[in-house]
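Enquirer:
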Amino acid sequence: MNSVDSSRRALCAAGALLLGGCAATATSSRPSPAAVAELSSTGKLRAAINFGNPILASRNAAGEPQGVSVDLAREAARRLGLPIELVLFTSAGNVVEGIKAGKVDLAFVAIDPVRAADMEYTAPYVVIEGVYLVRNDSPLRRNEDVDRAGTKVVVGKGSAYDLFLTREIKAATLVRAPTSPAVTDMFLAEKHDVAAGVKQQLEMDAQRVGGVRLLPGRFMVIEQSMGVPKGRTAAQAWLSGYIEEMKASGFVAAALKRHGIQGAAVAPARGGS
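14 is the number that this note's numbering gives to position 32 of the sequence shown; each next residue is one higher, with no gaps.
#1: What would DSSP say about GLY223, mapped onto helix, strand or coil?
#2: With a floor of 4 residues, list each alpha helix (DSSP H) that falls wholly inside the segment 63 to 147, ordered by position along the chain.
#3: Taking contact to mean 3 or more Cβ pairs, one atom from each stretch, closer than 8 Å, check whether the segment 143 to 158 and the segment 169 to 185 are in contact.
#4: Once the 5 residues before and after THR9 are set aside, which same chain residues still bring their CB inside 8 Å of it?
#5: Per the contact definition of three or more C-beta pairs closer than 8 Å, is the segment 158 to 167 in contact with the segment 213 to 221?
#6: In chain order, which beta strand (DSSP E) runs of at least 3 residues are fully inside the segment 169 to 255?
#7: For the 8 Å Cβ check, are there 3 or more pairs between the segment 107 to 120 and the segment 181 to 201?
#8: With hydrogens ignored, establish whether the beta-carbon of GLN206 is closer than 7 Å to any heavy atom of the ligand GDP.
#9: Would you call the CB atoms of LEU122 and LEU62 closer than 8 Å?
#10: Which residues in the same chain have their Cβ closer than 7 Å to the Cβ of ASN125, if we skip the five residues on either side of it in sequence?
#11: Select from THR104, LEU64, VAL86 the residue whose C-alpha is nearest the C-alpha of ASP94.
#12: Can you give me the C-alpha to C-alpha distance between LEU238 and ASP127, rounded to a whole angstrom?
#13: Report the residue from ALA236, GLU205, ILE243 whose alpha carbon sits nearest the alpha carbon of ALA249.
#14: If contacts are defined as beta-carbon pairs under 8 Å, then GLU67 and ARG28 qualify, I think. What distance do you get, rounded to the angstrom?
#15: Look at the Cβ atom of GLY49, then the Cβ atom of GLY140, and state whether they are nearer than 8 Å.
#16: For the alpha helix (DSSP H) containing ALA17, list its first residue and its last residue.
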């Protein structure tokens, strides 16, 4: 009897542990009250949508926002139990200013140490490439040829690649267009040497204008993440778990495919490679 009782007690204990583990798993993605409060300072989730990066967002035929960032924002709002307001921007620089001014609760931005002074990041959910575009008759053939005295490189003001090149370029001169979609047109109109940008944007521009080519390879990998205003650590913690789930479940990959996005890949799991 003692042996049977002991076995029963062991089985019950194991069952309780199993059920407890299941319960913990089922509730681990639930936002804490602190996270909800930090993501709804006005009673709704105000999500910044950046049309300056076509990988993240664009407009559909009706002029409404669409894209992987829009899908992620709406799903986050649903899980938080909050109404959503999409706050529209034309450049990453304007998004960062919106974060600093308290106009949004959530943003989709590239990870950069300069921006980290004003926001908390999740791990990346998408990685994209930063590339150079030149005229067909340009003597420049490699990325390494760009950083030379006298070379003028057009960038989108405040973009992740602007911040990166500001740190890395030593001899060439950066010329800033107001937004990333305006880079190629400024490059052509003002007869500069190089246009820098997100690969997909410059590929579309090359098809649109003709007479230009991309230099082979890339000069940087841009990691796109979700960000919240500095100090909102409960919001950052919940969003970090949320974005990992969205990557692992196939949500991000499906959104990229649904919106016809090429030149971008789902980022590895946090801590992965």
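Glycine included, every Cβ here is placed at the ideal spot set by N, Cα and C.
Expert: Let me spell this out:
#1: helix
#2: 74 to 82
#3: yes
#4: Model confidence at THR9 stands at a pLDDT of 32, short of 50, so the residue's coordinates are unreliable; what they give is reported in the following sentence. So the list is empty, once near-sequence residues are dropped.
#5: no
#6: Segments of the beta strand (DSSP E) lying fully in the segment 169 to 255: 176 to 180, 194 to 196, 202 to 211, 246 to 248.
#7: yes
#8: Annotation note on the ligand GDP: not contained in the displayed structure, which lists no ligands.
#9: no
#10: TYR114, LEU197, GLY199, PHE201
#11: THR104
#12: Spanning the two alpha carbons is a distance of roughly 33 Å.
#13: Of ALA236, GLU205, ILE243, the residue nearest in Cα terms is GLU205.
#14: Their Cβ separation, rounded to whole angstroms, is 5 Å, which keeps GLU67 and ARG28 in contact under 8 Å.
#15: no
#16: 15 to 20
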